[in-house]
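S.K.: Counting from 8, one number per residue, gives the positions in the sequence shown under the numbering used here.
Even glycine gets a Cβ: it sits at the ideal position worked out from N, Cα and C.
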Amino acid sequence: MTKGWSWASIGMCEAPHRGALVMDQISIQHWKPGCVRESVAVGTRVGEAAPLFKRNRTPGMVGGEMETILGPNTTYQGILKSDGNIRIDGVYEEGRIETAGNVIIGPSAKVLADIVANSIQVWGAVRGDITARGRLEILSGGRVWGDVRVASLLIDEGGVFQGQVVMAGEELEPLALSPREVVGPPTARETDASTTAEALS
């Protein structure tokens, strides 16, 4: 396992909210029954830190203006590198997206590529591995298939995720349980030694 990361495996299922289990600084929310694998969403603590964006929102700018926009009638493949924010509304058939800024995957977008960015909003469909130095948000209607490495992950109601999550965080010491001392009946050798000692005394 990579140092400084903890693993979580997540199945796929659409997500009406049910309850929540709070672990450290992560909220794991359980979704509807009947899924092949239990599906969970990892976000902020319930009722505490507010999400990066308000709920019931529409796709918007993440931390500034969009410098690169791939329109809904555009198909692209290859490597896209940028220092600014990127918005994808079209089809990204194959390749890799790398930026020091943020990425929005619009509702009409279909992306078959790996993504490396600061923070990422997914309203459309992404099949590929994702690395976010900040937060990855899978909004209502968003779909992600792939492994992700993130500092924070939020899945809205109606979002779908299938893959593995590696969350950045402080390295935790492994839980060490000291074995109990087992006190049992004396062995035959111990009984014989005790009897011999009594006979000699």
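Determine the burial state of T82: buried for a count of at least 16 other Cβ atoms within 10 Å of its Cβ, exposed for fewer.
M.R.: Looking at its Cβ environment, which holds fewer than 16 other Cβ atoms inside 10 Å, T82 is exposed.
S.K.: Quick check on this structure: which residue in Y99, G165 and I104 has the alpha carbon closest to the alpha carbon of S115?
M.R.: Nearest C-alpha to S115: Y99.
S.K.: Give me the Cα-Cα distance between V173 and L160, rounded to the nearest whole angstrom.
M.R.: 10 Å
S.K.: Within a Cβ cutoff of 6 Å, which residues of the same chain sit near K88, ignoring the five residues on either side of it in sequence?
M.R.: E105
S.K.: I believe L77 touches I95 by the beta-carbon criterion, under 8 Å. Please report the beta-carbon distance rounded to the nearest angstrom.
M.R.: About 5 Å separates the beta carbons of L77 and I95, which is inside the 8 Å limit, making them a contact pair.
S.K.: Under the three-state reduction of DSSP, which class applies to N80: helix, strand or coil?
M.R.: coil
S.K.: Run through the stretch 73-139 for me and flag every whole beta strand (DSSP E) of 3 or more residues, listed as ranges in chain order.
M.R.: 73-77, 82-89, 92-95, 98-106, 110-112, 121-124, 127-129 and 132-134
S.K.: Indicate whether G149 and G166 have their beta-carbon atoms separated by less than 8 Å.
M.R.: Yes, the pair counts as a contact, with Cβ atoms nearer than the cut-off.
S.K.: What does DSSP give as the partner residue(s) for E144 in the beta ladder?
M.R.: E144 is bridged to Q128 and L161.
S.K.: Taking its Cβ as the centre, do 16 or more other Cβ atoms sit within 10 Å of I162, making it buried, or is it exposed?
M.R.: buried
S.K.: Roughly how many angstroms lie between the CA atoms of V133 and N80, to the nearest whole one?
M.R.: 17 Å
S.K.: Considering Cα atoms alone, identify which of G131, R140 and K117 is closest to A107.
M.R.: For A107, the nearest C-alpha among the options comes from R140.
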